[in-house]
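A.B. asks: The structure follows.
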């Protein structure tokens, strides 16, 4: 793995403290308990490597665990007015009003170039959800807002703040973490203002966010 550096838009490097609007699926305490247990079981392994875990120490706390649906990539959040945000929220509500909630699974935990992730499978319904979200963004922001390519659907367990041997990480995850998959209930998406700052304790990039709206599926 290498030190994670967040990217914005078509690949430009993130400026510290900049906010960018994202649509995420967020796991929830009381709903996705098996998933949270899986993520927290991985935490000690991640901390033996230069990875900043998304889950805090308190069991059951989802921290910044998230599944990215889409980034609004034409401008930073400061460039989107209050009216523009309202229009985006309204378009998301309209587009997702006919999308039924669904269940999928995440796992197994895998070390990658930027830290560690849980892949999402089955992914057909999530990909269909993504296309509806992209339609809402395209309607309100134009095609230029859709420049993000996050690869196959995944949930990040934590981002790396230095280089390390991913083989060692993957061997430990494979040999110590069971069960290796967990269910995820998807019945809403969240519009968030996501920012990254340099963490004083690790020197790596750490994410935080401000919640702007929760949009229920079939709502």
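Residue numbers (our numbering): 2 to 220.
C-beta: ideal position from N, C-alpha, C; glycine also.
Nothing here was measured: the structure is a model prediction, and the numbers come from that model.
Report the option in 57, 187, 204, 142 whose CA atom is closest to the CA atom of residue 88.
C.D. replies: If we check each option's Cα against that of residue 88, 142 comes out closest.
A.B. asks: Are the CB atoms of residue 53 and residue 209 nearer to each other than 8 Å?
C.D. replies: Result no, Cβ atoms of residue 53 and residue 209 do not sit closer than 8 Å.
A.B. asks: Measuring CA to CA, which of 184, 145, 134 is closest to residue 25?
C.D. replies: Selected option, being the one with the closest Cα: 134.
A.B. asks: Exposed or buried, residue 65, counting other C-beta atoms within 10 Å across all chains shown (16 or more means buried)?
C.D. replies: Buried, by the Cβ-count rule.
A.B. asks: What does the Cβ neighbour count give for residue 81, buried or exposed, with the cut at 16 atoms within 10 Å?
C.D. replies: It counts as buried.
A.B. asks: For a quick check, are the C-beta atoms of residue 117 and residue 47 less than 8 Å apart?
C.D. replies: Yes.
A.B. asks: Can you give me the C-alpha to C-alpha distance between residue 189 and residue 205, rounded to a whole angstrom?
C.D. replies: Computed Cα separation, rounded: 30 Å.
A.B. asks: Taking residue 15 as the reference, which of 77, 70, 201 has the closest Cα?
C.D. replies: Closest by alpha carbon: 77.
A.B. asks: Would a C-beta distance cut-off of 8 Å place residue 178 and residue 71 closer than the cut-off?
C.D. replies: No, these two residues do not count as a Cβ contact at 8 Å.
A.B. asks: Buried or exposed: which applies to residue 187, given that a residue is buried once 16 or more other Cβ atoms fall within 10 Å of its Cβ?
C.D. replies: So residue 187 counts as buried.
A.B. asks: Quick one: what does DSSP say residue 201 is sitting in, helix, strand or coil?
C.D. replies: Residue state, collapsed to three classes: coil.
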